[in-house]
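Novice:
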Amino acid sequence: MIGLTLLLFLSVFILFDLPLDVYIIAASIVLFISVIYWIIAFITFKKEMKLADELRENQALLKQLRNEHNDYRDEVESYFLLWVHQMKTPITAVKLLLEHPDDDMISLVRQEVLQIDNYTNLTLSYLKLMNTTTDMTFSQVKLDDLILPLLKKYSILFIHYHTKLHYEPIDDFVLTDARWSSIMVEQLLNNALKYARGGDIWITFDNREHQLDIRDNGVGISDTDLPKIFDRGFSGFNGRLNDKSSGLGLYITSTVGRRLNQPVTVKSNAGQGSTFTIHFKSPQSNLSFL
Numbered sequence: 006m007i008g009l010t011l012l013l014f015l016s017v018f019i020l021f022d023l024p025l026d027v028y029i030i031a032a033s034i035v036l037f038i039s040v041i042y043w044i045i046a047f048i049t050f051k052k053e054m055k056l057a058d059e060l061r062e063n064q065a066l067l068k069q070l071r072n073e074h075n076d077y078r079d080e081v082e083s084y085f086l087l088w089v090h091q092m093k094t095p096i097t098a099v100k101l102l103l104e105h106p107d108d109d110m111i112s113l114v115r116q117e118v119l120q121i122d123n124y125t126n127l128t129l130s131y132l133k134l135m136n137t138t139t140d141m142t143f144s145q146v147k148l149d150d151l152i153l154p155l156l157k158k159y160s161i162l163f164i165h166y167h168t169k170l171h172y173e174p175i176d177d178f179v180l181t182d183a184r185w186s187s188i189m190v191e192q193l194l195n196n197a198l199k200y201a202r203g204g205d206i207w208i209t210f211d212n213r214e215h216q217l218d219i220r221d222n223g224v225g226i227s228d229t230d231l232p233k234i235f236d237r238g239f240s241g242f243n244g245r246l247n248d249k250s251s252g253l254g255l256y257i258t259s260t261v262g263r264r265l266n267q268p269v270t271v272k273s274n275a276g277q278g279s280t281f282t283i284h285f286k287s288p289q290s291n292l293s294f295l
């Protein structure tokens with residue numbers, strides 16, 4: 006359009022035999038106005054592109070938040086369906102035991118109540134873990150203070166299943182969150198009791214490597230199940246044989262371990278038992294938390 010305008014001006018100037026200087030001035034004015042127009046148009050275009058990019062980013066973020074919300078809702082719903090199913094078993098057992106109460110039944114009732122308590126605590130821990138803003142407070146913690154209350158809590162299962170405990174007092178300190186580490190130890194202990202009934206459980210601590218081992222000589226874990234035991238909801242072959250396995254205890258343990266920067270590893274052979282290890286940090290360590 007600018008070219009046609011300048012050509013029209015030139016034709017007029019030629020037809021009317023006007024001075025060329027006047028044409029140059031007119032052409033310069035046209036070009037000057039065009040340059041200003043181009044600059045304004047370019048700035049406007051850049052603003053529109055920026056707004057379009059921001060709109061796309063906001064739409065993508067909104068979609069992501071919506072998907073996360075739907076995933077969270079589905080995850081909570083699926084877990085609570087599982088939780089309700091898991092809770093029905095010990096509650097039904099308690100009701101049946103209380104129909105014909107006697108001294109022998111008291112121990113069985115206590116076991117079922119312990120399972121209810123464990124499932125409830127597992128649910129609360131799971132919900133807290135789903136909240137990424139959950140606080141974790143680190144301090145020097147004596148391992149005996151973590152382990153002894155759990156041994157007392159589960160003593161009824163050791164007695165009932167005739168499982169032998171090998172444990173010496175551990176006076177060493179580690180740097181961790183006491184509450185969450187207690188959850189980790191409890192789930193590993195509960196797991197060992199579940200699959201080493203009538204066997205032996207060893208709890209030992211390597212103060213040089215700052216590693217807490219919970220070892221048993223129970224049924225062990227097959228090579229095919231071993232890579233997946235920390236996946237959410239995975240119970241494996243042993244878990245399918247045990248109707249009280251939710252497949253969440255080891256998932257929570259592993260997730261807490263990552264949050265605390267104290268990973269959990271496992272060594273196991275089918276029919277020979279398993280060793281779960283919590284890799285703590287020493288009280289003098291400089292931690293970079295995840």
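Residue numbers (the numbering used here): 6 to 295.
Positions of the beta carbon are idealized from the N, C-alpha and C atoms, including for glycine.
Tell me the rounded alpha-carbon separation between P24 and F18.
Specialist: Approximately 7 Å between the Cα atoms of the pair.
Novice: Between which residues of its own chain and F163 is the CB-CB distance below 6 Å, once the five residues before and five after are set aside?
Specialist: Excluding residues within five positions, the ones whose Cβ falls inside 6 Å are L170.
Novice: D221 to N63, Cα distance in whole Å?
Specialist: The alpha-carbon atoms of D221 and N63 are separated by roughly 52 Å.
Novice: Just curious, the beta strand (DSSP E) that F210 is in, first and last residue?
Specialist: D205 to D211 is the extent of the beta strand (DSSP E) around F210.
Novice: Just to confirm my understanding: we take I30, look at its own chain, exclude 5 residues before and 5 after, and list those with CB closer than 8 Å. What are they?
Specialist: Closer than 8 Å at the Cβ level, and outside the excluded window around I30, lies no residue.
Novice: State yes or no: is the C-beta of G225 within less than 8 Å of the C-beta of A183?
Specialist: No; because the gap between Cβ atoms is not below 8 Å, this pair is not in contact.
Novice: Output the boundary residues of the beta strand (DSSP E) element that contains H218.
Specialist: In the sequence as presented, His is not what sits at residue 218; that position holds Asp. Taken as a continuous stretch (DSSP letters only), the beta strand (DSSP E) holding D218 covers Q216 to D221.
Novice: Spell out the partners DSSP gives Y172 in its beta bridges.
Specialist: Answer by DSSP bridge pairing, in chain order: I208.
Novice: Please state if the CB of G203 and the CB of H167 are separated by a distance shorter than 8 Å.
Specialist: Cβ distance < 8 Å, so H167 and G203 count as in contact.
Novice: Below 8 Å between beta carbons: does that hold for Y172 and L156?
Specialist: Cβ atoms of Y172 and L156: closer than 8 Å.
Novice: Note down the Cα distance separating I175 from S112, rounded to an integer number of angstroms.
Specialist: Whole-angstrom Cα-Cα distance: 29 Å.
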